[in-house]
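The structure appears below as structure tokens.
Number of protein chains: 2
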Amino acid sequence: MADQTSTGLPRSIEAAWGLGERPSRGPKPGLTLDRIVAAAITVADTEGLDALSMGRVAKELGSSAMSLYRYVTAKDELLALMVDAGFGAPPEPMPEDWRAGLTCWARAEFMALITRPWLVQVPITGPPVTPNQLGWLESGLKSLSRTGLDAGAKMSAILLVTGYSRNAATLAIQIVAPPGEQIMPDYAAVLRKLIDPDTFPELTAVVDSGIFDADDDHSAEFDFGLDRILDGVAALLPAKGEAATE
Amino acid sequence: MADQTSTGLPRSIEAAWGLGERPSRGPKPGLTLDRIVAAAITVADTEGLDALSMGRVAKELGSSAMSLYRYVTAKDELLALMVDAGFGAPPEPMPEDWRAGLTCWARAEFMALITRPWLVQVPITGPPVTPNQLGWLESGLKSLSRTGLDAGAKMSAILLVTGYSRNAATLAIQIVAPPGEQIMPDYAAVLRKLIDPDTFPELTAVVDSGIFDADDDHSAEFDFGLDRILDGVAALLPAKGEAATE
DNA sequence: GCGCTTCTGCGTAAGTTATACGCAGAACTA
DNA sequence: TAGTTCTGCGTATAACTTACGCAGAAGCGC
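These protein sequence lines map, in sequence, to chains A and B. Letter 150 of the first sequence, counting from 1, is numbered 150 in the UniProt record's numbering, and no numbers are missing. Letter 56 of the second sequence, counting from 1, is numbered 56 in the UniProt record's numbering, and no numbers are missing.
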């Protein structure tokens, strides 16, 4: 009886969809969800996610912590909205060719995550339900629309790619600049001290190859894995050559 | 001068590698790192990661919170050790064929993550440095040892697969049984209420296809994506037919 | 125009947390 | 046996989320 309105989602999420019929009875709200989320993002951008507390956000707005709870029922909700706004609108328009489109899409996600490292730190609490999150999903599916894949395959492919971007970004962030504290100065040196070449022969060979020392281009590294995934997807397609026709 | 010993890593991590020379002067420790980690895992398994506090772990051991800080300098360290122990030893032996081996490896990781949902909730704070973590890495690399790939390609491939397992597990956990609270009862219904078919045509089509309703086999879903990735890796290999020999 | 209702901002406070500090006493060394 | 070096742990602090409830604003019905 409490949530007759609609989706069963928290009110703030519905508000993000524009579903909130604003009550016309009481005093006008002095804040806005948008302003709160923007302030929270500012804090996270400049001081990191650990520094983000309700009080800190409120101070940013010149308000008090408890005021925020008129707009958001819990901190988790604020985080969800921050993630949605932090990603921003999905990249559009994109190349027609499915492969070029997905590449563009994946790179955009990777860049978004690198730009705001706290995005990957926010614990995922459920399937995507916010506008931009679903917008990105839609945008990715669009690239595959002419491939002839069925719905399940499309979703799997998209999940594959988005998961890869997330993972690559997480790694890139951690090795280059861990958000919390110190940068791992010489991962290769640490590994060399820890692992015994007899029990870790393969890993030793990788360390000796020097790829951990020479911190090479992240983009190249990223594209390599992405191309593997897309090769796999490509192998799925009916060999009609549809992808080539304008 | 503080950490002349070795790696610059926290002492508890070094202890996990067996590097800790136990001092023979004072009273015998009443606890063990292993016991602490085991108790923490018990708490996480039964009550979830949110319920895991230093005090809660101490109560499990009949000890006090501050005692734990003789073994672990911060909660983060305990979490890192929990993850390492939670994964357990890597799956071995594995099939010789690289593809069968990696499939087995990826499934094992997926299962480990599904079995202990809190594993994916622990925030990643850096590159892997604990014994089992690196053991899994070694184990994965081993599958690729006869493929002729260079070190960088091997690492990329492994990162690809492990990232995929992580991602698939995260999704599976969230949709089937979110660790925090409520199960998303009908994701498809929620989406139908939120999205407008005109602005989300692709997503609408996917929802209408019913794949969100029929919560199908996770294993099949998992294997699909994995095969895509391995197809991509396979396309990299020199066409010697080495993979087919024995 | 008047009171009632409904809402907002926000102060207060409660309940949890991680963890710094330091002491009493145990166990080993000489 | 004296001294040293540890351990367990009590106390205390600082930070955090958030329940509760009040004072007052803004609109509604009459």
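A virtual CB, placed ideally from N, CA and C, is assigned to each residue, including glycine.
*G126(B) and Y164(B): beta carbons closer than 8 Å?*
no
*Compare the Cα-Cα distances from P154(A) to each of W98(B), V206(B), L113(B) and report the closest residue.*
First, the amino acid is wrong: residue 154(A) is Lys here, not Pro. The option with the nearest alpha carbon to K154(A) is V206(B).
_Could you tell me the alpha carbon to alpha carbon distance between W136(A) and I124(B), rounded to whole angstroms?_
25 Å
*Buried or exposed (CB count within 10 angstroms, at least 16 for buried), D84(A)*: buried
*Anything in chain A within Cβ reach of N132(B), meaning under 7 Å, just list it in chain order.*
None at all; the shortest Cβ gap to chain A is about 12 Å.
*asked:* Counting beta carbon pairs with one atom in the segment 64 to 78 of chain A and one in the segment 31 to 38 of chain A, are three or more of them shorter than 8 Å?
replied: yes
*Please look up how many angstroms separate the CB atoms of L149(B) and L236(B), rounded, as I've assumed it's under 8 Å.*
7 Å
*asked:* If you follow the alpha helix (DSSP H) that R228(A) is in, where does it begin and where does it stop?
replied: 218 to 234
*Three-state secondary structure (DSSP) of D198(A)*: coil
*Could you check if T115(B) is buried or exposed, using at least 16 other CB atoms within 10 Å of its CB as the buried criterion?*
exposed
*Just reading off the alpha helix (DSSP H) that V43(A) is part of, what are its end residues?*
33 to 47
*Indicate the three-state DSSP secondary structure (helix, strand or coil) for S209(A) in the structure shown.*
helix
*For Q121(B) and Q174(B), the rounded distance between their alpha carbons*: 11 Å
_Just to confirm before moving on: does the CB-CB distance between T7(B) and L203(A) stay below 8 Å?_
no
*Just mark residue 290(A) as buried or exposed, buried being the case when its beta carbon has 16 or more other beta carbons within 10 Å.*
What the structure shows of chain A is the stretch from 1 to 246, and residue 290(A) is not part of that stretch, so it cannot be assessed.
*Return helix, strand or coil for L171(A), following the three-state DSSP convention.*
helix
_Proximal residues to A106(A) (C-beta, below 6 Å), its chain only, five neighbours per side dropped_ = V161, S165, L226
*Can you check whether the CB of L159(A) is closer than 8 Å to the CB of L171(B)?*
yes
*asked:* Helix, strand or coil for V122(B)? Go by DSSP, reduced to three states.
replied: coil
*When G26(A), I41(A), W98(A), A38(A) are compared against S139(A), the one with the closest alpha-carbon*: W98(A)
*Measuring CA to CA, which of G210(A), N167(A), F200(A) is closest to D186(A)?*
G210(A)
_Can you check whether the C-beta of V72(A) is within less than 8 Å of a C-beta belonging to chain B?_
no
*Counting only the same chain and skipping the five closest in sequence on each side, list residues whose C-beta sits under 7 Å from that of L141(B).*
K154, I158
*How many angstroms separate the CA atom of E96(B) from the CA atom of P201(A)?*
16 Å
*Shorter than 8 Å from the beta carbon of K142(B) to some beta carbon of chain A?*
yes
*At a Cβ cut of 7 Å, what residues of the segment 197 to 210 of chain B count as close to chain A, listed as they run along the chain?*
F200, E202, L203, A205, V206, S209
*Alpha carbon of E21(A) to alpha carbon of A168(A), nearest angstrom*: 40 Å
*In terms of residue numbering, what span does the alpha helix (DSSP H) encompassing M66(A) cover?*
65 to 68
*Nearest CA to the CA of E77(A): which residue from L61(A), A51(A), A15(A)?*
A15(A)
*Euclidean distance between Cα positions of L102(B) and F212(A)*: 23 Å
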